[in-house]
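In the numbering used here, the protein residues as written are 488 to 576.
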């Protein structure tokens with residue numbers, strides 16, 4: 488779900504900002520930082536850019552269809568009104 492390269496970059500940035508004695512603990516610290524970041528990102532319930540783009544396209548198509556249906560409905564209402572007026576005469 489998350490780009491591993493971006494996650495690695497964030498982990499490195501966090502490690503770089505840590506005091507030297509903490510950095511010297513090595514792989515254990517890196518592993519723990521990675522676990523915490525992944526856990527917090529999962530709690531955010533975020534979607535990937537690809538998923539977002541797909542949903543954006545679905546929404547655009549839905550809006551287009553809605554607009555078309557509204558136009559058709561308006562045309563039918565006009566025809567119905569015209570037919571009603573013709574039948575009154």
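Where a beta carbon is used, it is the ideal one built from N, C-alpha and C, also for glycine.
Query                                                                             : Result
For residue 560, the first and last residue of its enclosing alpha helix (DSSP H) : 536–575
Straight-line Cα distance separating residue 537 from residue 551                 : 21 Å
As assigned by DSSP and simplified to three states, the class of residue 577      : Missing from the structure shown is residue 577; the chain here goes from 488 to 576 and no further.
Limits of the alpha helix (DSSP H) - the one that residue 579 falls within        : Because residue 579 is not part of the residues shown, which for the chain are 488 to 576, the question remains open.
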